[in-house]
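Taking it in order: structure first as structure tokens, then the write-up.
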Amino acid sequence: MVNAAPRRKPKWLTPWNVVMFIVFAWILLAWLIFPIANLLKTVFLSDGSFSLEPFQKLLKSKRAMKALGNSFILAPTLSVSVGIVGISLVLITEYFDIKGSAILRLGYMTTLIYGGVTLVSGYKFIYGSSGILTTALRGVFPDMNIKWFEGYWAVLFVMTFSCTSNHMIFLRNAMRSVDFQTVEAARNMGASQAYILFRVVLPVLLPSLFAVTILTFITGLCAMSAPLLVGGTGFQTINPMIKQFAETNNSKDLAAILSLVLGLASMLLLFIMTQVEKRGHYMSVSKVKTRIVKQKIHNPVVNVLVHLYAYILFVIYLLPVVLIVLFSFTDSKHIALRQLDFSAFSLDNYVALLKNSANYRPFLVSIVYSGLAALIVGLLVVVACRFIQKNRHSVGGNILEYGLMIPWLLPTTLIALSLMLAFNVQRWYMFNQVLTGTLLILLIGYIIIKMPFTMRMTKAAFFSLDDALEDASRNLGGGELYTFRRVIFPVLLPTIMAIAALNFNGLLTDYDMSAFLYHPLNPTLGVTIKKLTDDMGDPNGMAMTFVYAVLMMIISAVVLYLVYGRGGRDNMKE
Amino acid sequence: MKRIFALILSVLFILGGCSALAEGADTKGTGIELTVYTNSGSSGRDEWLKERAAQDGFTLAVLEDGAGAIQQRLIGEAANPIADVVFGLNAIIWNDLISRDILVAYDAPSWASEVSEGLNDPNGYYYAIVKQAILLAYDANQVSEEEAPKDWPDLWENEAFHGKYESQIKLTGGTTRNVIDGILTRYVDPDGDLGISDEGWDAMEAFFANGTPVEDGVDLYAQMVNPDSPVLMGQMWSSGVLQYDEQYGTSTGVAVPEVGIPYAVEGVGVVNKQNDEAKQQEVLNFIEWFGSAQIQGEWCEQFGTMPANEKAAEKADPRQVELCSIPAQDIDWALVAANIDDWCEKITLQYMQ
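In order, the protein sequence lines correspond to chains F and G.
Per this note's numbering, the first sequence starts with residue 1, numbered consecutively.
Per this note's numbering, the second sequence starts with residue 575, numbered consecutively.
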């Protein structure tokens, strides 16, 4: 079936395909296209006719244009810097023989358990105007500019080290599937270590590198916390402005335009990358793979330098986390002034949080929601990817692929609004069920926002699958479903689980989607945390956000260990 | 026997009287669940309210979120509202909700007459419960009263204050919006851009150009006590003053402008929703109970707020009373509600640093 010329004649009319078609057509139309079209209509045609005024407003605004420009400067440069650091992390932990690489790896993986404002605050504890490093430097150079850590380079620095999560998971997985026999063969033919690295090993990483680079690019375009906290007046990006406009009644048209610009840029890049990916075949050609053996660096000088580099990175990664944990034991004043004063340490924050049983509920709610959403979106996308893989050049496959990427076109706030507006009246496409105020609507929202990422990463995993496995199963008489269930799925499982863990951790702190859709009796963690720093809130709210951050780091770490730590080890079975 | 009979009779009479005539905090709930939306539930206020209400027979589900988010949610859910009662917010948002038909007017509860004049909605859509003075605050430990600004325009007109005050980077918060409308409504001009004269927009431009932008995640008081930060003054809401002074060791001084200051009036309103009669009665009973001098007094003792109810105000902290005795600025809230989004959009696009 697969061997002859299967792609020209997809067997469209199998019952499986029909069910699939109905399910995905419904999801795309009812969850995404109808609600978003409805929202865009209300936003752009609020006065009954389409007007160019919002475009003119934006074009006239120097501030908006500069911020947009900054986002487009940040995205490509970040893709390069994260790419370099990310690849080096993978080489340090998986390819070269570095002393203490197990500990180093844990340090490099800290970005998987925290992010956003907390993470950037962690960096400010060190490099900010009253940070540890700045204070130390000031002792030596009393006249130095204490605001040295501000602007483009500060943003790039923070984001470079905080956006390597995907590299640490997906690129590392790819590195582990490099066939060591090819490395040995190259060496036997007299290739140097550098030659092997650049001509034999790195090319195998390319499909994964493409996928994670797209993600980095989008992260750069949509940068939020880092520019806000360390960008200063000189380097603000567009996303904070989009978010503000999205939250304001009359400015939603501006938010939609700006985010469509970002979204279309992402899609363009995605399209180019997909074309490049389709053209090349980057698979390892070996059929009997051998596990990679860590390479000792022969040149002693290079060896020392690489070790030094590895440990400096380790310190850069680890310090912010350590400081966040330490500061969670102090109060908002010390956090705001960044004074680490051990006499101010107390367990008060933790006691305040843990003694009130009402505070446990948001944890439970968010864990259940995030878990369910991660699971469902994972399953949906696996099925979709299987279809796309088998119908690579068909219209249906392309529609499905790009359709599931639609959520990347709009900010989460607007998607949440679109769902709220669409589902608060009876709609035939939702079987006349009103969903506002139900527990279901937030789950749908969570599934939607995680579709593009899941799609992109799962597809990369599918495409790096060795076709020979499937052919073998078929030749041995395995049916379609059997082959998928017993051969393909188990091979992909570690990646799918890793994606699910990342989705889970990401959703755990979600605020943008939750804010509009959460069930009155079941606020999520993100909503609970946001309240702490709200206008007219508690002066000690900042300290409490750190306590929440630490507790969530623990949850995320446990989840990663359960899902990925163990799954990762099984990865090499094949 | 006669005595017991008389006693029973009198008890019955009192009970019967209660159910028909109960007023204020004596009103009892029937236990029908009410969904309450508020932005005024942080620092444990929502939990306190649920427990306190339960003692008097009310069963509440309280949804707490930022004022803007509550507003968005109510607008989004308008076709099928979930909330029965909303409390908190401010005049700008109340007027926006009224203009969108999201609230219904209701008969004045018995305590409405005890509320300071001018705070209740004249059309009966909401009645005031808490008032929050929107202040220009400075640290009196570092700035003497003579040196301190007397009114907002001093900040940009007097070069001595340039860089010393915080200018906002987000205009979605209630306090920020009240400061902006307090400034812009001094320059109302029907022929001007968005109803504001050129002079007004120049003032707004100067206000943002000469301030030090907020450092995200760091509050005003942390900047005031930080020797490396030039910031010594900025916007503040009255009920936060005490807590912040305690936490940061500051001594807050406030500007007392001749034109008065904006007040964020937290009120309580009824959502326009098809409830059955029993539930609608429960909604009104809850409001009757919640706004009473007794309950508002307990609330203010617990959370240091300033009740709009003058009887309850006796229980308020003297410092709160002092801060909230600054005369209210005369602001056309309907005008503000109709324009504030556009004003904020213009500021965000053109003036913000």
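Glycine is no exception: its CB is placed at the ideal position from the N, C-alpha and C atoms.
Since this is a predicted model, take the numbers as computed values, not measurements.
Given this structure, state the Cα-to-Cα distance separating L106 of chain F from L326 of chain F, to the nearest angstrom. When rounded, the distance between both Cα atoms is 19 Å.
What residues from chain G crowd round E247 of chain F, counting only those whose CB sits closer than 8 Å? Proximity of chain G to E247 of chain F at the Cβ level (cut-off 8 Å) is accounted for by G642, A643, Q646 and T746, in chain order.
Within a Cβ cutoff of 7 Å, which residues of the same chain sit near A500 of chain F, ignoring the five residues on either side of it in sequence? Here the set comprises A374, L375, G378 and V563.
Would a check of beta-carbon distances place Q821 of chain G closer than 8 Å to chain F? For Q821 of chain G, the answer is yes, since a Cβ of chain F falls inside 8 Å of its Cβ.
Taking DSSP as the reference, what is the three-state secondary structure of Q927 of chain G? Coil.
Please state whether DSSP places W685 of chain G in a helix, a strand or coil. DSSP, read as helix, strand or coil, puts W685 of chain G in helix.
On a Cα-Cα basis, can you pick out the residue from F:I113, F:L68 and F:I36 that is closest to F504 of chain F? In terms of CA proximity to F504 of chain F, F:I113 leads the group F:I113, F:L68 and F:I36.
Can you find at least 3 beta carbon pairs, one from the stretch 120-130 of chain F and one from the stretch 226-234 of chain F, that sit closer than 8 Å? Output reads yes: the stretch 226-234 of chain F touches the stretch 120-130 of chain F.
Using a Cβ-Cβ cut-off of less than 7 Å, give me the residues of the stretch 173-201 of chain F that come near chain G, in sequence order. Residues passing the 7 Å Cβ filter: none.
Helix, strand or coil: which one does DSSP assign to F50 of chain F? Here DSSP, grouped into helix, strand and coil, assigns F50 of chain F to coil.
With 7 Å as the limit, tell me which residues of the stretch 602-616 of chain G have their beta carbon closer than that to any beta carbon of chain F; keep them in chain order. Hits within the stretch, in order: T609 and S616.
Here's a check: name, in chain order, each residue in its chain whose Cβ is nearer than 7 Å to the Cβ of N694 of chain G, leaving out the five neighbours to either side. Sequence-distant Cβ neighbours of N694 of chain G in its own chain, meaning closer than 7 Å and more than five residues away, are A686, Y701 and A702.
Residues within the stretch 507-523 of chain F neighbouring chain G, beta-carbon criterion of under 7 Å: Residues of the stretch 507-523 of chain F with a Cβ closer than 7 Å to any Cβ of chain G, in chain order: A515, F516, P520 and L521.
DSSP three-state call for Q645 of chain G: helix, strand or coil? Residue state, collapsed to three classes: helix.
On the three-pair Cβ rule with 8 Å, is the stretch 722-735 of chain G touching the stretch 902-917 of chain G? No, the stretch 722-735 of chain G is not in contact with the stretch 902-917 of chain G.
For F661 of chain G, which of helix, strand or coil comes out of DSSP? Three-state result, F661 of chain G: strand.
So the beta strand (DSSP E) A707 of chain G belongs to, where does it begin and stop? Residues Y700 to D713.
Run through DSSP, which three-state label would L677 of chain G get? Under the three-state reduction of DSSP, L677 of chain G is assigned to strand.
Under the three-state reduction of DSSP, which class applies to Y402 of chain F: helix, strand or coil? Note: Y402 of chain F maps to helix in three-state DSSP.
Measure the CB-CB distance between M810 of chain G and L729 of chain G and report whether it falls below 8 Å. Going by C-beta atoms, M810 of chain G is not nearer than 8 Å to L729 of chain G.
Interface flag, V18 of chain F vs chain G, CB-CB below 8 Å: So no, V18 of chain F is outside the interface.
Endpoints, alpha helix (DSSP H) assigned at V212 of chain F: Unbroken alpha helix (DSSP H) run through V212 of chain F: L202 to L221.
Pairs of beta-carbons, one from the stretch 169-181 of chain F and one from the stretch 506-514 of chain F, closer than 8 Å: are there three or more? Result no; under three Cβ-Cβ pairs closer than 8 Å.
Any C-beta of chain F sitting closer than 8 Å to the C-beta of T824 of chain G? Not flagged as an interface residue toward chain F: T824 of chain G, since no C-beta distance is shorter than 8 Å.
May I have the straight-line CA-CA distance separating M159 of chain F from P494 of chain F, to the nearest angstrom? Distance between the alpha carbons of M159 of chain F and P494 of chain F is about 27 Å.
Taking C-beta pairs closer than 8 Å, name the residues in chain G that R63 of chain F reaches, listed in chain order. Taking the beta carbon of R63 of chain F as reference, the chain G residues within 8 Å of it are T922, L923, Q924 and M926, listed in sequence order.
Going by DSSP, what residues sit across from D767 of chain G in a beta bridge? D767 of chain G pairs with G:I770.
When you compare only the Cα positions, how much space is there between S684 of chain G and V659 of chain G? Roughly 17 Å separates the two Cα atoms.
Do Y761 of chain G and I770 of chain G have their C-beta atoms within less than 8 Å of each other? Cβ atoms of Y761 of chain G and I770 of chain G: closer than 8 Å.
What is the DSSP secondary structure of V285 of chain F, reduced to helix, strand or coil? Model confidence at V285 of chain F stands at a pLDDT of 49, short of 50, so the residue's coordinates are unreliable and nothing is read from them.
Does K531 of chain F have its Cβ less than 8 Å from a Cβ in chain G? It does: the Cβ of K531 of chain F has a partner Cβ on chain G nearer than 8 Å.
Cα-Cα separation between I33 of chain F and I444 of chain F, rounded to whole angstroms: Rounded to whole angstroms, I33 of chain F to I444 of chain F spans 14 Å at the Cα level.
When you compare each of G:D891, G:S617 and G:N752 to N359 of chain F by their alpha carbons, which one comes out closest? Distances from the CA of N359 of chain F to each of G:D891, G:S617 and G:N752 were compared; the closest alpha carbon is that of G:S617.
Would you call the CB atoms of L364 of chain F and L442 of chain F closer than 8 Å? Contact: no.
Through-space distance from Q389 of chain F to T458 of chain F, alpha-carbon basis: Spanning the two alpha carbons is a distance of roughly 11 Å.
Three-way DSSP call (helix, strand, coil) for Q742 of chain G in this model: The three-state secondary structure of Q742 of chain G, taken from DSSP, is coil.
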